Structures are given as C-alpha cells and as structure tokens.
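Visitor: One structure follows; several queries about it will come next.
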Amino acid sequence: MSILKFDHLSKRLQGSSENQPLFSNVSAVIDEPERIALLAPSGQGKSTLLRILSLLDCADEGDILLNNVSFREWQPLHWRMKAMYVAQQAVMLPGSVEDNLRIASRLHRTVFDNDYARKLMADVGLHELDWCKPSADLSGGEKQRVALVRSLLLYPDLLLLDEITASLDPHSKVAVEVMLAELHEKQGTTYIWVTHDLEQARSVSNRVWFMGEGTLLEDAPTGEFFRSPQSEAARRFLSLADREEGEKCQA
Amino acid sequence: MSGLALTFTLIFVFITVLVSMRQKLGLEKDIMIGTIRAAVQLLLVGYVLQFVFRTENLFLIIFIIVMMIAVAAWNAGQRGSGLRGIRWRIALSIGATEALIMLLLLGLGIIEPASQYIIPISGMSIGNAMVVAGLFLNGMKQDVLASKGEIEALLALGANARQAIQQCLKRAVKASMIPTIDGMKTVGIVQLPGMMTGMIIAGADPLEAVRYQILIVFAFTSSAAVTSIILGLLSYRLWFTKELQLRLQDSR
Ligand SMILES: Nc1ncnc2c1ncn2[C@@H]1O[C@H](COP(=O)(O)OP(=O)(O)OP(=O)(O)O)[C@@H](O)[C@H]1O
Ligand SMILES: [Mg+2]
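Quick look at the structure:
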C-alpha cells in the first residue's frame with residue numbers, strides 16, 4: 001500500500017496562453033514514510049504542486065491517490081486533514097495565538113490537547129510566546145511557526161511544507177528541523193518539504209524531487225542527487241547555488 | 001391632477017435635456033428613453049392597480065407579487081453574475097421574506113386583507129429586499145476576494161464550506177443591513193419617505209401617513225435581516241467548487 005501516489009499530473013495556468021503548461025507528466029510514489037525535499041528554481045510550480053496534492057488547487061489531468069484511494073472518492077476535507085498543506089505565506093486567523101492553536105479542534109469538535117500544543121510550541125522555540133497575544137501582532141517568523149503547530153495539532157500523516165523556515169533565524173530553523181525529524185521518527189509522518197536552502201535540503205531529506213523543464217525531472221536518494229545529478233537542469237541548478245554560496249562566504 | 005397639468009411636467013424633462021445639450025453631456029437619448037419608460041411604466045401600473053383593486057382577485061394579487069419577486073431577483077442577480085443559480089436563490093429568499101411579512105401583517109391584523117394595502121406594501125418590501133440582496137452579494141464578492149488567504153488557511157485545516165466562509169458571511173450580512181438601519185435613524189429628519197409624502201399629497205392625515213410609514217420602516221429592517229440571512233444560507237456553497245476549492249469571481 002502506498003501512502004501517496006500521483007500519476008501524470010499536469011497543470012495549465014489560468015489566463016495564460018494554452019500551449020505551455022506550468023508542468024505536465026508529473027508522477028511519483030511514496031511507499032513508506034519518507035522525508036522528501038522538493039527543489040526547483042523559483043516559479044517552476046512547487047507551491048502549485050503542493051496545493052494540488054492537498055486538493056486546494058486542481059490538476060488539469062492525472063490522478064492522485066492517498067492510501068491507495070483516488071482523490072475523487074475522498075471528501076476533500078478528510079483528505080486535507082491527512083495531507084496537510086502548510087503555506088508559504090502563513091495566514092493567521094483573527095483572534096489570539098490561542099484561538100489559532102485551537103482552530104483545528106474547534107473545526108472538528110475534538111478535544112484540544114493542551115499539553116501537546118505546549119510541547120510543540122516549545123519545540124519550535126516559542127515556549128515564551130504569550131498565547132493571549134493577538135495573532136496579527138506576531139512577527140513573520142512567529143506566524144510561520146504558529147501556523148505549523150496549528151497544522152500539526154491535527155496529526156497529519158503527510159505534511160506538505162512550503163518554505164516554512166524562510167523567515168526564521170538559524171536557531172529556530174534548526175529547532176523546526178529537529179522537531180519534524182522527530183515527528184517522522186516517532187509517528188511515521190511523511191513530509192514533502194519545499195526549500196531553497198540546499199544545506200537544509202541535504203540535512204532534512206532522504207529523497208529529493210527536482211522539478212525542471214516543466215516536469216518532475218529527478219527523483220533520487222538525497223546523497224545521490226547531490227553527488228551526481230542526472231539532468232543538465234539539475235547540474236546547473238546546483239552549480240549556480242554553489243557559486244552563490246561561495247560569493248556569500250567571500251563577502 | 002388634470003391631464004393638462006401632467007403634460008406640463010414635461011417641462012422638467014425639457015430642462016434636463018437643455019442642460020445635457022449645453023454641457024455636452026450626451027445624455028439626451030438616455031433622458032428620452034428614461035422619460036418614455038417612466039411615463040409608460042407608471043401609467044401602466046396605475047391601470048393595473050386600478051383593475052386589481054376593483055376585482056380583488058386573490059390569484060391576480062399573487063401573480064403580481066410573484067412578478068415583482070421575479071423582476072427583483074433578476075435585477076439583484078446581476079450583482080452575483082458568475083454564481084450559477086444565484087437568481088432563483090435570491091427569488092426564494094425574497095419570497096420567504098415577503099411571505100413572512102405578509103403572514104405577520106395579515107395574521108396579526110395590522111393591515112386589512114385588501115389589495116390596496118397588500119400590493120403597495122409588498123412592492124416596497126420586495127424592493128428593499130432586492131437592494132439588500134444586491135448589497136449582500138456585492139459585499140460577499142469583495143470580502144471573499146480580500147479574505148482569500150484566510151479561507152484557504154481554513155480549508156487547508158479541513159474546514160467545510162460553511163466554516164471556511166462563516167466570517168465573510170457574517171460581515172456581508174452586516175454590511176447589507178447597515179443602510180436600512182441607518183435609514184431608520186434618520187427617517188423623517190434627513191429625508192421624507194416617498195410613501196408618506198405621497199399619502200399626504202393625496203390628502204391623507206399626516207399622522208395616519210406616519211403610522212403606515214412606521215410600519216414600513218419596521219418591516220424593512222426585519223426584511224433586510226431575513227433576506228440576507230436566508231440568501232447567505234442558500235448561496236454560501238456557490239463560492240466553492242464541488243472539490244471544495246474557492247471559486248474566485250474576478251476573472252469573469
Ligand atoms: N492563481 C494563479 N493564477 C495564475 N498564475 C499563478 C497562480 N498561482 C501561481 N501562478 C503562477 O504559477 C507559476 C508557479 O507558481 P508557484 O507559486 O507554484 O511557483 P514556486 O515554484 O512555488 O515558486 P517560488 O519558489 O517562488 O515559491 C508562477 O509563474 C506563478 O506566477
Ligand atoms: Mg512557492
């Protein structure tokens with residue numbers, strides 16, 4: 001039984017000319033709990049793919065199966081609770097931090113696990129955050145972490161993480177990485193993590209998906225991908241990133 | 001008013017056309033069309049009402065009310081273009097509001113069960129409900145667009161359509177009711193309502209006219225509330241696709 005499987009997904013952008021799809025023929029299978037890094041240059045459709053995988057957007061062609069059942073036979077909201085999308089831009093819901101943390105249990109009429117929420121907040125480095133604080137007043141990095149915790153309180157099987165550490169300081173970034181590794185270890189959570197930070201991709205994943213030339217160009221174990229990328233696009237992507245890294249070090 | 005006096009009122013149209021021509025507003029054609037339509041429509045309504053009041057036929061009354069609701073729904077539906085099936089939902093909510101108001105007015109014996117009362121009051125309350133429905137749809141359109149992020153965050157957390165759009169609904173219902181409530185606060189001071197003015201001109205006792213006006217104002221507030229709440233309940237699902245994704249209206 002596979003956790004997630006998608007077949008020949010393609011997506012055309014609304015309003016653009018019909019000939020050039022954003023991506024097409026995107027297929028992959030996840031058979032057992034894994035840690036996947038999704039890499040691609042900006043604008044290749046990483047966010048779009050994650051949104052499609054959580055049914056927040058629809059593909060023009062192709063099928064997606066969660067636990068071997070096609071999305072057509074799932075209730076979208078049950079699917080989304082299992083395949084949880086954590087957005088690139090964290091949106092806080094009106095109210096306090098606590099209101100945001102409680103939202104999942106309010107939506108689904110379940111008991112709010114206060115201890116687990118406290119633990120997760122501490123894990124992401126927010127143990128000192130006042131839960132009564134209006135969520136609108138949080139910093140960008142705090143919002144991102146509250147949004148992550150808010151999602152984790154639903155115990156998703158599959159996390160679709162869209163650059164969730166983009167506005168975090170190095171310390172909190174590591175805290176989030178450690179927490180997610182632990183979730184994978186203990187609860188068998190799978191994640192697909194979009195990141196532009198190659199160092200992070202290397203350390204948080206055991207498998208890399210690389211998107212280029214309008215499709216999922218490479219699907220390889222992390223070590224192998226970084227050692228010997230198969231496609232020209234991936235080689236260019238990695239060498240460009242290396243050069244930038246070098247320039248940063250020199251400066 | 002004599003027919004001759006009525007003809008003299010064309011002077012006002014003449015003034016408007018003159019202004020339009022001098023200022024090169026280019027509105028002459030619209031003014032002429034508007035003038036003819038207003039005159040024909042109103043005269044026609046006058047004859048129809050005269051006929052209805054004389055015959056007092058229940059089916060005729062119902063027919064007229066249904067027509068009014070249909071026209072109102074069609075009109076308000078233009079605010080919701082892009083939402084499939086919005087027009088019959090508007091018709092249903094306005095119809096339910098009208099039924100409720102008539103039930104209360106007639107059931108409690110507030111007005112007599114005569115077409116002379118039923119039709120004008122229905123007309124006004126349906127007209128008001130139409131404005132409210134239009135305001136509600138406009139408000140929803142803007143609010144959903146502005147709250148896209150919020151709605152999607154809720155959907156991502158597994159919210160159903162109702163939960164995801166609840167806040168927008170609430171705000172749009174509120175926004176659609178505000179003009180009616182504000183109108184209630186200033187009525188008689190800032191503006192003299194048309195109905196009351198008409199009754200007074202036709203020779204009714206001002207106090208009697210005011211009583212009917214109070215009835216209308218109170219009925220309007222509840223009709224505003226009922227219309228937009230029912231319309232909200234009937235229409236919230238239309239903002240989503242069947243895959244429970246937000247459907248955005250701006251492109252159409
Ligand atoms: N709702 C939309 N309507 C039209 N075009 C869109 C929409 N959403 C995304 N796009 C376009 O789709 C392309 C891919 O967007 P997407 O956000 O998936 O890229 P990405 O790989 O996540 O990029 P980044 O690394 O910058 O986040 C972009 O060119 C974007 O302009
Ligand atoms: Mg993105």
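Protein chains in written order, with UniProt numbering: chain A, 1 to 251; chain B, 1 to 252. Cβ coordinates follow ideal geometry from the N, Cα and C atoms, glycine included. Computed from a predicted structure; not experimentally measured.
1) Buried or exposed for V149/A, please, with buried defined as at least 16 other CB atoms from any protein chain shown within 10 angstroms of its CB.
2) Flag this pair as yes or no: are the beta carbons of R89/B and L234/B separated by less than 7 Å?
3) How would you list, in chain order, the residues of chain A whose beta-carbon sits under 9 Å from the beta-carbon of E150/B?
4) Can you grab the Cα-Cα spacing for the pair N57/B / L106/B, in whole Å?
5) In terms of DSSP beta bridges, what is P221/A paired with?
6) Count the other C-beta atoms from every protein chain shown that fall within 10 angstroms of the C-beta of S70/A, then say buried if there are 16 or more, exposed otherwise.
7) For a test of the three-state rule: what should DSSP assign to M92/A, helix, strand or coil?
8) For the stretch 58-70 of chain A against the stretch 160-175 of chain B, do three or more pairs of beta-carbon atoms, one drawn from each stretch, fall closer than 8 Å, so that the two count as touching?
9) Taking Cβ-Cβ distances shorter than 8 Å, what residues in chain B pair up with H8/A?
10) Measure how close the beta-carbons of N128/B and F218/B come, nearest whole angstrom, since I'm counting them as under 8 Å.
11) Within its chain, find whatever has a CB closer than 8 Å to the CB of D162/A; leave out the 5 residues flanking it on each side and keep chain order.
12) When every heavy atom of ligand 2 is checked, does at least one fall within less than 6 Å of the C-beta of Q144/A?
13) Using the beta-carbon of each residue, which ones in chain A are nearer than 7 Å to L244/B?
14) Suppose you measure from the CA of L246/B to the CA of G232/B; what does that come to, to the nearest Å?
15) So does the stretch 135-152 of chain A actually touch the stretch 94-105 of chain A, counting three or more Cβ pairs closer than 8 Å?
16) Report yes if the C-beta of S54/A is less than 6 Å from at least one heavy atom of ligand 2; otherwise report no.
17) Give me the residue from A37/A, G43/A, G188/A, G246/A with the minimum Cα distance to I164/A.
18) Please check if any C-beta of chain A sits within less than 7 Å of the C-beta of N160/B.
19) Can you give the Cα-Cα distance for S172/A and W74/B, rounded to whole angstroms?
20) In chain A, which residues lie less than 7 Å from L155/B when you measure between Cβ atoms?
21) Can the beta-carbon of L159/A be found closer than 7 Å to that of Y191/A?
22) Quick check: the Cα distance between L129/A and K186/A, rounded to an integer number of angstroms?
23) Any heavy atom of ligand 1 closer than 6 Å to the Cβ of L248/B?
24) Mind checking if Y85/A is an interface residue toward chain B, Cβ cutoff 7 Å exclusive?
25) Short of 8 Å in beta carbon distance, which residues of its chain neighbour P156/A, apart from the five on each side in sequence? Order them along the chain.
26) So I164/A contacts chain B; which residues on that side make the cut at Cβ distance below 9 Å?
27) What span of residues does the beta strand (DSSP E) with H8/A cover, start to end?
28) Would you say Y236/B faces chain A, with C-beta separation under 7 Å as the test?
29) Taking the alpha-carbon positions, what's the G134/B to A99/B distance?
30) Can you check whether the C-beta of Q116/B is within less than 7 Å of a C-beta belonging to chain A?
31) Does the stretch 1-15 of chain A come close enough to the stretch 56-65 of chain A that 3 or more CB-CB pairs lie under 8 Å?
32) So if I measure from each beta-carbon to every heavy atom of ligand 1 and keep distances below 5 Å, which residues remain?
33) Taking the alpha carbon of T9/B as the point to measure from, which residue in A39/B, I189/B, M124/B has its own alpha carbon closest?
34) Going by beta carbon distance, what residues of the same chain come within less than 7 Å of V94/B, once the five residues before and after it are set aside?
35) Do S122/B and I214/B count as a contact pair if the criterion is CB distance below 7 Å?
36) Please state the DSSP three-state secondary structure of F23/A.
Guide: According to the structure data:
1) Answer is buried; the Cβ neighbour count reaches 16.
2) yes
3) V91, M92, L93, P94
4) 17 Å
5) For P221/A, DSSP records a beta bridge to R207/A.
6) exposed
7) coil
8) In short, these stretches do not touch, since the Cβ pair count stays below three.
9) Near H8/A there are no residues of chain B at all, since even the closest Cβ is about 18 Å away, more than 8 Å.
10) That pair is no contact at about 12 Å.
11) K46, S47, L50, Y85, V86, A87, Q88, V194
12) no
13) P76, L77
14) 16 Å
15) yes
16) no
17) A37/A
18) yes
19) 56 Å
20) L56, R80
21) Here L159/A is near Y191/A, since their CB atoms are less than 7 Å apart.
22) 26 Å
23) no
24) yes
25) In its chain, beyond the 5 residues on either side, M81, K82, A83, M84, T189 have a beta carbon closer than 8 Å to the beta carbon of P156/A.
26) What I164/A touches in chain B: nothing, since even the nearest Cβ is about 13 Å away.
27) 4-11
28) Not one chain A Cβ lies under 7 Å of Y236/B.
29) 20 Å
30) no
31) The stretch 56-65 of chain A is in contact with the stretch 1-15 of chain A.
32) L13/A, S42/A, G43/A, Q44/A, G45/A, K46/A, S47/A, T48/A
33) A39/B
34) One detail in the question is off: residue 94/B reads as Ile in this sequence, not Val. Taken in chain order, the residues that qualify are I69, A72, A73, I126, A129, M130, A133, T227.
35) no
36) strand
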